[in-house]
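For the sequence shown, our numbering begins at 453 and goes up steadily by one. Ideal Cβ placement from N, Cα and C applies to all residues, glycine included.
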Amino acid sequence: MSKRRDFLLGTAVVTALAACTSNGGDTSSSTTNAGQGVTNTFDQTRFKQIIGKPAQHRHLFGVAGIDAGEGLYAMNNTYETYKLSLGVPINEVYLVGVLYRVEPVAIAFSDDVWNEAIIPALPHMNRAMRSNFESVRVTAGNPFLYRPAGGSGDDASVESLVDRGATFCVCANATLQLANLVGTALRRDPQTIYQLFVANLVRGAVLVPTGVWAIHALQEAHFTYLQATL
């Protein structure tokens, strides 16, 4: 294996693709078997499209925390710099945000998930977990999802970023960890919570086996990398 991606494909992704041999080689979805018995859908075709999408400027943002939406603001500022300062057409800029720790994967969940699972579980979480979510005002629904009321321009919402062509890669491992925490807090089956999460990713989001693998794969494809949050 001559490239780092080859090594990663043989290690981090092997679990997510293990069931392919029993599905006639179909790798569009597979079942992980890491002791949890959950279904983990990894759309390889879509991920290959992400990696191969042509653009003059292709950038990768590692988002490791909610941090009041700092990762989203970094993506928005990049779009604005190209547009306003450099006069680069928006179709020549392609941004990918990789949500790779427990808290930030929730940025890619629908309002229904936040209302049914995330918000009710927060009072039962540990202080560090709560403080990360409380870095933004949480009332009802996903606070990162939509443009501000009355807003008409570009902004750092998921909706606005996706409208400009951005994609979000969501770590399945972190999603599973969050499902376990939420399931424990609400006394619900973590597998059911995980399936709820996976079935309700927002437009522009794609599940990947691990966020760190996605980061390396995108770097191998010559995306420039910014660690947007720590």
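Less than 8 angstroms between the C-beta atoms of residue 658 and residue 498, yes or no? For the purposes of this step, residue 658 is taken as residue 206 along the sequence shown, with counting starting at 1. For the purposes of this step, residue 498 is taken as residue 46 along the sequence shown, with counting starting at 1. It is a contact, given that the beta carbons lie within the stated cut-off.
Could you say if the region 534 to 553 and the region 607 to 625 meet the contact criterion of at least three C-beta pairs nearer than 8 angstroms? yes
When the Cα atoms are used, what is the spatial distance from residue 485 to residue 652? By one-based count along the sequence shown, residue 485 stands at place 33. By one-based count along the sequence shown, residue 652 stands at place 200. A caution first: residue 485 carries a pLDDT of 33, below 50, which makes its placement in the model unreliable, though a value can still be read off. Between residue 485 and residue 652, the C-alpha separation is close to 22 angstroms.
Given this structure, state the Cα-to-Cα distance separating residue 671 from residue 619, to the nearest angstrom. The residue you call residue 671 lines up with position 219 of the sequence shown. The residue you call residue 619 lines up with position 167 of the sequence shown. Residue 671 and residue 619: Cα-Cα distance of roughly 15 angstroms.
Let me confirm a value: residue 510 is counted as buried when at least 16 other C-beta atoms fall within 10 Å, else exposed. Which label applies? By one-based count along the sequence shown, residue 510 stands at place 58. Label assigned to residue 510: buried.
Using 10 angstroms around the beta-carbon of residue 592, count the other beta-carbons present and answer buried if the total reaches 16, otherwise exposed. Taking the sequence shown and counting its residues from 1, the one referred to as residue 592 is at position 140. Per the 10 Å Cβ criterion, exposed.
Which class does residue 557 belong to by DSSP, given the choice of helix, strand or coil? Working through the sequence shown from its first residue, we reach residue 557 at position 105. Residue state, collapsed to three classes: helix.
Between the C-alpha atoms of residue 594 and residue 540, what's the straight-line distance to the nearest angstrom? Position 142 of the sequence shown, counted from the start, is the residue given in the question as residue 594. Position 88 of the sequence shown, counted from the start, is the residue given in the question as residue 540. Taking the straight line joining both Cα atoms gives about 31 angstroms.
Three-state secondary structure (DSSP) of residue 602: Residue numbering aside, residue 602 sits at position 150 when the sequence shown is read from its first letter. Reduced to three states, the DSSP call for residue 602 is coil.
Which same chain residues, not among the five before or five after residue 572, have their C-beta less than 7 angstroms away from its C-beta? Position 120 of the sequence shown holds residue 572. Counting only Cβ-Cβ distances below 7 angstroms, and skipping sequence neighbours, we find 638.
Using the C-alpha atoms, what's the distance from residue 606 back to residue 664? Indexing the sequence shown from 1 puts residue 664 at position 212. Indexing the sequence shown from 1 puts residue 606 at position 154. Roughly 29 angstroms separates the two Cα atoms.
May I have the straight-line CA-CA distance separating residue 608 from residue 647, to the nearest angstrom? As a position in the sequence shown, residue 608 is number 156, starting the count at 1. As a position in the sequence shown, residue 647 is number 195, starting the count at 1. Taking the straight line joining both Cα atoms gives about 27 angstroms.
Which same chain residues end up closer than 8 angstroms to residue 627 when comparing Cβ atoms and leaving out the 5 residues on each side of it in sequence? The count along the sequence shown starts at 1 and reaches residue 627 at position 175. Counting only Cβ-Cβ distances below 8 angstroms, and skipping sequence neighbours, we find 557, 646, 649, 650, 659.
Are the CB atoms of residue 536 and residue 667 nearer to each other than 8 angstroms? Translated into positions along the sequence shown, residue 536 becomes position 84. Translated into positions along the sequence shown, residue 667 becomes position 215. For residue 536 and residue 667, no; Cβs fall outside 8 angstroms.
Compare the beta carbon distance of residue 518 and residue 555 with 8 angstroms and say whether it is the shorter of the two. For the purposes of this step, residue 518 is taken as the residue at position 66 of the sequence shown. For the purposes of this step, residue 555 is taken as the residue at position 103 of the sequence shown. The answer is yes: Cβ separation under 8 angstroms.
Compute the Euclidean distance between the alpha carbons of residue 586 and residue 521, then round it to the nearest angstrom. If you number the sequence shown from 1, residue 586 lands on position 134. If you number the sequence shown from 1, residue 521 lands on position 69. Going from the Cα of residue 586 to the Cα of residue 521 covers about 11 angstroms.
When DSSP labels each residue in this structure, what does residue 582 get in the three-state scheme? Numbered from 1 along the sequence shown, position 130 holds the residue referred to as residue 582. Residue 582: helix per DSSP, three-state reduction.
Out of 559, 526, 543, 581, which has the shortest C-alpha to C-alpha gap to residue 656? Stepping through the sequence shown from its first residue, residue 656 is reached at position 204. With distances taken between Cα atoms, residue 656 lies closest to 559.
From residue 643 to residue 533, what does the alpha carbon distance come to, in whole angstroms? Against the sequence shown, residue 643 aligns to sequence position 191. Against the sequence shown, residue 533 aligns to sequence position 81. Computed Cα separation, rounded: 42 angstroms.
Check for me: the beta strand (DSSP E) holding residue 619 runs from which residue to which? As a first step, residue 619 must be located in the sequence shown, where it is residue number 167. From DSSP, the beta strand (DSSP E) with residue 619 extends over 619 to 623.
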